[in-house]
């Protein structure tokens with residue numbers, strides 16, 4: 014008989030860090046939109062990961078943090094670099110060249126659903142259960158509503174852009190599960206620095222081959238690139254791996270449901286984006302899925318209703 018493993022849950026501190034991470038990553042969709050006005054996809058991703066890696070290694074050196082040696086750590090960093098940076102960053106930035114940033118943020122919320130499913134298949138302390146399964150199915154219904162039935166019958170750049178964002182969500186989910194196991198006991202800054210370094214070794218040569226030397230960025234483009242590298246990568250991954258070790262891969266995936274409204278509001282504020290009612294209704298279903306997956310809001314409501322008047 015297998016020993017019972019307590020279910021991982023988000024504490025108040027975990028939720029606070031998760032909300033901060035959502036605000037940071039929600040702004041990355043706006044930064045991508047701005048950077049795409051001047052720079053091509055591969056160059057944006059290469060700049061983001063390489064500057065973030067350099068920044069984190071400076072922090073690691075100043076703080077004198079221990080860095081694991083051996084090929085296993087390097088292998089895990091390479092796998093994470095591919096799954097958590099190279100593939101999803103490229104898919105999201107290209108997807109945003111075809112669809113609005115707010116819509117991309119909503120579809121990126123599929124990461125939460127994929128994360129719960131992947132984590133449940135891998136970790137005994139992140140079991141699925143009926144409630145979490147109901148939340149996942151509710152969220153998937155929201156994704157289907159956002160995409161619309163026309164995506165199944167019409168293959169165009171818009172459909173491909175939406176599919177690219179969903180592909181990024183699946184890649185993130187697998188990366189979170191791999192990272193929880195591979196980087197256990199490794200300082201968050203060190204794990205993030207190694208992962209971003211591996212990403213740079215892939216993306217910098219790829220960008221030079223695909224795009225050639227990028228143009229000198231105008232001030233708005235430079236600001237967007239700096240945000241992507243320093244805030245949305247270097248700082249964000251410091252938070253990312255802290256939450257991963259604290260709350261688990263499935264709970265960490267919930268951040269993308271919080272990112273969605275930030276991306277929608279940012280797109281409307283900075284680029285006057287408007288989304289169809291179906292996209293907003295899909296976002297509502299995705300949010301409901303988050304509530305059901307977490308369970309605590311439902312418990313709070315049930316407790317309130319059971320109290321005598």
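Residue numbers (this note's numbering): 14 to 322. Glycine included, each C-beta is placed from N, C-alpha and C at the ideal position.
Taking all protein chains shown into account, decide if residue i is buried (16 or more other Cβ within 10 angstroms of its Cβ) or exposed.
i           : result
residue 169 : exposed
residue 246 : buried
residue 202 : buried
residue 34  : buried
residue 140 : exposed
residue 84  : exposed
residue 225 : exposed
residue 233 : exposed
residue 39  : buried
residue 142 : exposed
residue 26  : exposed
So residue i is in the alpha helix (DSSP H); what residue range does that whole segment cover?
i           : result
residue 244 : Per DSSP, residue 244 belongs to no alpha helix (DSSP H) and is neither H nor E.
residue 144 : 142-160
residue 32  : 25-48
residue 285 : That residue, residue 285, is in no alpha helix (DSSP H); it is neither H nor E in DSSP.
residue 222 : 201-223
residue 9   : It is not possible to answer for residue 9, since the shown part of the chain is limited to 14 through 322.
residue 88  : 84-94
residue 190 : 170-195
residue 121 : 114-121
residue 103 : 100-109
residue 239 : 232-239
Using a Cβ-Cβ cutoff of less than 6 Å, which residues in the same chain neighbour residue i once the five nearest sequence positions on both sides are dropped?
i           : result
residue 52  : 227
residue 325 : With the chain covering only 14 through 322, there is no way to say anything about residue 325.
Can you give the beta carbon distance from residue i to residue j, rounded, assuming they're within the 8 Å contact cut?
i           : j           : result
residue 277 : residue 298 : Rounded, the Cβ-Cβ distance is 14 Å, inconsistent with contact.
residue 257 : residue 65  : Not really, about 17 Å apart at Cβ, beyond 8 Å.
With a threshold of 8 Å on Cβ separation, who are the neighbours of residue i within its own chain once the five nearest residues in sequence on each side are excluded?
i           : result
residue 17  : Confidence at residue 17 is low in this model, with a pLDDT of 45, below 50, so its placement is unreliable and no value can be given for it.
residue 100 : 180, 181 and 184
To which residues of the same chain is residue i closer than 7 Å at the C-beta, ignoring the five residues directly before and after it?
i           : result
residue 180 : 104
residue 286 : 113, 114, 115 and 280
residue 186 : 124, 127, 128, 131 and 266
residue 217 : 59 and 63
residue 231 : 51
residue 78  : 200, 202 and 203
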